[in-house]
Amino acid sequence: MADILVYALHYDGAFNKNSLGAVSEGSRLAAALGGQAHAVVVGDGASVELCATLGGYGAARVYRVAGPEGLAQPVVDAMAQLVGERGFGYALFGGGLLGFEIGAGLAARLGAGVAMEVTSVSVADGRLVAERPVLGDSAISQIEFRGDLGIVIGRLNAFEISPPSGEAAPVEDVAVEFSAFSTRARMLSRGEQRGEDVDIEGADILVAGGRGLGKAESFELCTELARALGPGSAVAATRAVVDAGWYPYAGQIGQTGKTVAPKLYFAAGISGAIQHKVGMAGSENIVAVNKDANAPIFEFADLGIVGDLNKILPKLTAALLARREG
Amino acid sequence: MKICVLVKEVPDAAVRKRLDPVSGRLDRGGERTLNPYDTHAIEAAMAIREGGVVEVGEVVAVTMGPEGAVRALHKAVSLGVDRSVLLCDDVLAGSDVAATGYALAAVLAREAPDLVLLGQQSDDGECYTVGAIVADHLAMPSLTQVIKLDVQAGDGGVVLRCERQAEYGYDTVEVALPAVVSVGDAINEPRYPSLKAIMGAKKKPLETVGAAECGIDVGRVGGEGSAARWSGSKEPPRKPPGLLIEDEDTEATVAQIVAWLDERKLI
Amino acid sequence: MGAGRGVVPSDYPPAVDSRAEFIRREIDGPDDRIDVGVAIVGGGTAGLACANRLLGLLADDPETMERLGEVPVAVIEKAKVCGGHSLSGAVMRPGPLLELFPDVSREQWRKEGFAFGEVTKEAVYLLPNRRSRLRIPPPPPFRNHGAEVVSVAALARFAQKRAEDAGAYVLTETAASQLIVEDGRVLGLRSGDKGRGRDGEPLASFEPGTDIRAQATVLAEGSWGHLTGAAIREFDLGGDREPQVWELGVKEVWKVPRPLDRVIHTIGPWPLSLRPRYGQIGGSWIYPMRDERTGEDLVSIGFVIDLDYADATTSAHDLLQLFKTHPLVQGILAGGERVSWGAKALPGGGWFSMPKLTMPGAAIIGDAGGMVDTVSLKGVHHAINSGRLAADAIYAALAHSSDNFDAYEQTLEQSATGRELYRVRNARQPFQKGFIAGAPLVNLAIATAGRLPAGRLAWHRNQDKPMFIGRTARRYPKPDGRYTFDKLSSVYISGNQTRDNAPNHIRVRQHVPRELAETWRSMCPAGVYEIPPDAPQHGDIDIIVNYTNCIQCGAITAKGGRLTTPEGGNGPHYQNL
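Residue numbers (the numbering used here), protein chains in the order written: chain A, 80 to 405; chain B, -12 to 254; chain C, 18 to 594.
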């Protein structure tokens, strides 16, 4: 069974990056298996035009299902039906809350194996092998599947998005009979933003401040830089400055705070002691500014700048803003 | 209302861990502790009981594990659970998460709870999945990453109004019972047990059950019955050493940084 | 003293009134409290030896067992698991442990994972400088043939399981915050509160402690016992004794490519300074550990220094890192991997500093009673022995409905423990005058097996020693993160999990002279004390206390501060230390 069914989440009129990554990855893997990647979209607000855009990321066909948005179990019903009718060998999800809930529910529904927090998938002997980090990212485990269906749930944003080709995929409306219990959950309000609750785990770019900032007010430098780096950026902090009251605990990264793995982690005035490192070492690109050339962070930063952050950050912010305008 | 709390004994986070080179499984020797996320689930159950909106008859802790897992159950009991059930059977060893969820659902079906609570993830790498799997087998609605839970008794019965953290923001979802809710650690601050509760824990009823008496199909559990299997381990890719710049001319340094970010399509 | 007397730590005491804070003079009613037969404060080597011995005796005497109630023996331990806060070298004389568990052979010790082989070869070195070594024949105290290399952290886990199987209630993650004393008798203890915030305010999870009433209370808190100190003051158990003095040991366990075949001790002078003004006395150990459960070859390496030094920049942790750079050590550790790290203070005063060990309703055992022979670096078998003897005396008293445990002190004095400690009673005091000045008398004491010098040599308290800023720090290696390590990454692998907003359990003066701040900063192996970068070089400064790094080694109490009872469950998580 070489075809892959990929779940795509739409929110606010667009597919999120996570889903585009999953579709891209599904398409790459399906090609390697000699099959096709099809996407499934469930909800009431997804237009045919929107669904068709998934073709640009490699989906050969998109199934559109009318149903409640933002809830997992109706999607399980839909995907179970599609797998049963069309014979997919794998189901692929891009992580995130719904990705996990749906993937897991589907595993239960169809008696399939599921691998989660997957960071990479390869093909061996015509079958998919999923890889996931374990033991705090210090080792990688490989998972294979038995049976008719394998379910892969990626780590959030782990799959790379292909450059869109602009191709439109054919969109097929599918009628799904939802299970009685799938509709016992009712969405009252979706996607509320909360200012004071800093959600750093979902951000693509994090600007983190440490003791080297010198004082609480200097967090402004980080906030400004985050703004200049674009939407999808957030500000975070080390435990030392949270303890000192310069930043709220919700933004703390480290051994007892949150663990993050953004595409870009910009560390300002952070020494990189291991208690902090364990919270962010999985970041794809690490840039560090610190006036101490011996700071441990320079040992694992991809780009390290030894200098005064009070000079560098404002100038960098200005340069980035100018670039966007120009 | 009857509440079941699913708990799990996991290796203590402070303990140095290693992968067994032969089986690829986490070397589960060493200290084990009640999964910290499950303490939030137990606290949530206590909050419902103490909230007074509905009458809670029994809070039962359920776990699947070897004999030593009774320790997790004792801890759960010291936190306020009334009795516990241990599903312990050699045939279950090596079960993947889907098989585990199937087995737990069988035990829960026997208990017929109105609400199943559990921690959304565990310290040994498993996340957000057991609740969804169990719920599907029990034909109950499921929500994960719940950080706020309000019980409301209405004409139609008891509903739960839940807030959960999705990657695009906070959702408010109403779900009718019976249901399965996986909670995040932001939902509450678990109480510490009193010494009296700790010492009295061993006296609370504890039932040990096997796979057969719960109607669990042996072919669907254990290492052989699991559909996802570990096939190897490897080291994570080593990062190449980074580039180090000393800032002498800040304008030039900044230009270098921008170029570096641009090259990697980060801006 | 050169330019000024130096700063004396005891001139800057923290605001702690041990009797007022750590003694409770009333007890809750039966509904609120817990009643036990024997309460043992501390689940370490001594405490668990006492628990196991007691339960063994009670198993054969159901009548007395019944009189002790529903909970005949309770062990109160502040770490998450017994052994979590236990650390020692250690090369242990096997006798007392074999007597405690006669059904467990030495081969089984190794299978259980707390013992790592019998000592068959050993070597003692003098290190004149950072490159050379001079092997000397082992002086009598260093002869370890027949002894066993053990891990007390692992041993405690084994002993905990045995005690629980025998019926003990082991209450882990439980601190003992107060001793309950009424009418001149110890009635029991009060467990610590949980769920207080940084400033002591009750949080949503707050749970107050509980009074535990016991027919007998055993203080087995180890080095710097919180309740032991209060008890000694309350019952004047130390009045006619020498003051206690302390040593600090920092230890690492390494996985090594080639097995080590011998037990090694080095007795200096390198890496310490011989200058009398510096007051540096210490040495190191390197012990082979063959782990039979995993097949790994490990090595235990540690550095111990008397806390009587006067150079404020002395850091036991960094001295261990420096020590590792010697070719002797590199030959053993190179190519290996550090797997554990920890630190702990130990009592160094010996015989004359031991307090009276009994008081109405209670007894003191193990390190809490100062039973360490610091000449031969042996304390583990004494801890086990004292636990056993206390159990015998307490059992005998309770069986006759008495609360007089004085027999324990007598039998201890007459036991091998008493004799061994007595023999070295004057063998270390001379070092308080310096290594060179003290060596002749120390050697005399060892050579005459304690007959000379005669009488009782005095100790002065570590915190009375004036501190100055010297040059020891200039020699510390810069940590490379692979062979030598900084304090923070070491604290990390100790498994330290202290709640972020737990109350501060360390009492020190905030505003102190620079010399004292430097003393604490250097001394603390966990990097708790920090000097702000903009603090002046001279005069008084405000010290930063990162108390969540604290691994509860206890050293601060020796040099002008005070380690008080932290919240149960916090602190390091030693596994094989």
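For every residue, glycine included, the Cβ atom is placed at its ideal position computed from N, Cα and C. Quantities reported herein were computed from a predicted structural model and do not represent experimental measurements.
| Excluding sequence positions up to five away, which residues of its chain have a Cβ less than 7 Å from the Cβ of residue 195/C? | Within the same chain, and ignoring the five residues on either side of residue 195/C in sequence, the residues whose Cβ sits closer than 7 Å to its Cβ are 39, 40, 41, 206, 207.
| 7 Å CB neighbourhood of residue 358/A in its chain, flanking five on each side removed | Apart from sequence neighbours up to five positions away, the residues of its chain that approach residue 358/A with a beta-carbon distance below 7 Å are 332, 333, 334, 336, 337, 338, 339, ordered along the chain.
| message | Using 9 Å as the threshold, is the C-beta distance between residue 169/A and residue 224/A below it? | response | Result yes, Cβ atoms of residue 169/A and residue 224/A sit closer than 9 Å.
| Of all Cβ atoms in chain A, is any one closer than 9 Å to the Cβ of residue 139/B? | Under the Cβ criterion of 9 Å, residue 139/B is not counted among the residues facing chain A.
| query | CA-CA distance, residue 442/C and residue 326/C? | reply | Between residue 442/C and residue 326/C, the C-alpha separation is close to 21 Å.
| residue 282/C versus residue 141/C: straight-line alpha-carbon distance, rounded | In this model, residue 282/C and residue 141/C are separated by some 5 Å (Cα to Cα).
| message | Residues of the segment 90 to 116 of chain A in Cβ contact with chain B at a cutoff of 8 Å, in chain order, please. | response | For the segment 90 to 116 of chain A, which is checked against every Cβ of chain B, the residues closer than 8 Å are 90, 91, 95, 97.
| Taking C-beta to C-beta, are residue 288/A and residue 361/A nearer than 9 Å? | No; because the gap between Cβ atoms is not below 9 Å, this pair is not in contact.
| request: For residue 384/A, count neighbouring Cβ atoms within 10 angstroms of its own Cβ and tell me buried if that reaches 16, exposed if not. | output: By the C-beta density criterion, residue 384/A is buried, having at least 16 other C-beta atoms within 10 angstroms.
| query | Beta-carbon separation of residue 385/C and residue 242/C under 9 Å? | reply | Cβ distance < 9 Å, so residue 385/C and residue 242/C count as in contact.
| query | Beta-carbon of residue 98/B versus every beta-carbon of chain A: anything under 9 Å? | reply | Output row for residue 98/B: interface = no.
| query | Would the segment 234 to 242 of chain B and the segment 372 to 388 of chain A be scored as touching if the rule is three or more Cβ pairs under 8 Å? | reply | Yes, the segment 234 to 242 of chain B touches the segment 372 to 388 of chain A.
| message | Looking at chain B, is there any beta carbon in it that lies within less than 9 Å of the beta carbon of residue 356/A? | response | The beta carbon of residue 356/A sits no closer than 9 Å to any beta carbon of chain B.
| CB contact flag (residue 314/C, residue 274/C, <9 Å) | Yes. Within cutoff.
| query | Does the beta carbon of residue 275/A sit closer than 9 Å to a beta carbon anywhere in chain C? | reply | Because the pLDDT at residue 275/A is just 49, under 50, the model does not fix this residue reliably, and the point stays unresolved.
| field | Cutoff 7 Å; reference residue 517/C; Cβ partners in own chain excluding five residues on either side | value | The answer, listed in chain order, is 565.
| Using a beta-carbon distance below 9 Å, is residue -6/B in contact with chain C? | Not an interface residue.
| Along the chain, where does the beta strand (DSSP E) that runs through residue 252/A open and close? | For residue 252/A, the enclosing beta strand (DSSP E) begins and ends at 250 to 253.
| said: Tell me the rounded alpha-carbon separation between residue 489/C and residue 332/C. | reply: So the two alpha carbons sit approximately 8 Å from each other.
| request: Would you mind reading off the limits of the beta strand (DSSP E) that contains residue 263/C? | output: Looking at the DSSP string, the run of the beta strand (DSSP E) that includes residue 263/C is 263 to 272.
| message | Considering Cα atoms alone, identify which of 47/C, 233/C, 113/C is closest to residue 411/C. | response | Minimum Cα distance to residue 411/C is reached at 233/C.
| query | Which chain B residues are close to residue 219/A, counting only those with a beta carbon under 8 Å from its beta carbon? | reply | At a C-beta separation below 8 Å, residue 219/A has these neighbours in chain B: 220, 221, 222, 223.
| request: Work out the CA separation of residue 153/A and residue 209/B for me, nearest whole Å. | output: Residue 209/B and residue 153/A: Cα-Cα distance of roughly 29 Å.
| task | Spatial neighbours of residue 403/C within its chain, please: CB distance less than 7 Å, with the 5 preceding and 5 following residues excluded, ordered by chain position. | result | 63, 382, 383, 386, 388, 429, 434.
| With residue 71/B and residue 164/B assumed to form a contact (beta carbons below 8 Å), what rounded beta-carbon distance in angstroms separates them? | In this structure, residue 71/B and residue 164/B do not form a Cβ contact; the two beta carbons are roughly 22 Å apart against a cut-off of 8 Å.
| Interface residues of chain E around residue 353/A at Cβ under 8 Å? | As a matter of chain content, chain E is missing from the structure shown, whose protein chains are A, B and C.
| said: For a cutoff of 9 Å on Cβ pairs, would you count residue -11/B as touching chain A? | reply: With 9 Å as the cut-off, residue -11/B does not count as an interface residue toward chain A.
| field | Local Cβ density within 10 Å of residue 343/A, reported as buried at 16 or more and exposed below that | value | Residue 343/A is classed as buried because its beta carbon has at least 16 other beta carbons within 10 Å across all chains shown.
| How far does the beta strand (DSSP E) with residue 232/C in it reach, from first residue to last? | Following the DSSP letters along the chain, one finds residue 232/C inside the beta strand (DSSP E) bounded by residues 228 to 236.
| Three or more C-beta pairs closer than 8 Å, one from the segment 184 to 193 of chain A and one from the segment 72 to 87 of chain B: is that the case here? | Enough Cβ pairs lie closer than 8 Å, so yes.
| query | Is the CB-CB distance between residue 205/B and residue 78/B below 9 Å? | reply | Yes, Cβ-Cβ distance for residue 205/B and residue 78/B is below 9 Å.
| request: Would you decide whether residue 77/C is buried or exposed? Buried here means 16 or more other CB atoms lie within 10 Å of its CB. | output: Looking at its Cβ environment, which holds fewer than 16 other Cβ atoms inside 10 Å, residue 77/C is exposed.
| request: Check residue 181/B in the structure and name its three-state DSSP category. | output: DSSP places residue 181/B in coil when its eight states are reduced to three.
| Do the CB positions of residue 151/A and residue 247/A come within less than 9 Å of each other? | Going by C-beta atoms, residue 151/A is not nearer than 9 Å to residue 247/A.
| field | Beta-carbon spacing of residue 221/A, residue 191/B below 9 Å | value | Annotated as distal: residue 221/A and residue 191/B, with beta-carbon spacing of 9 Å or more.
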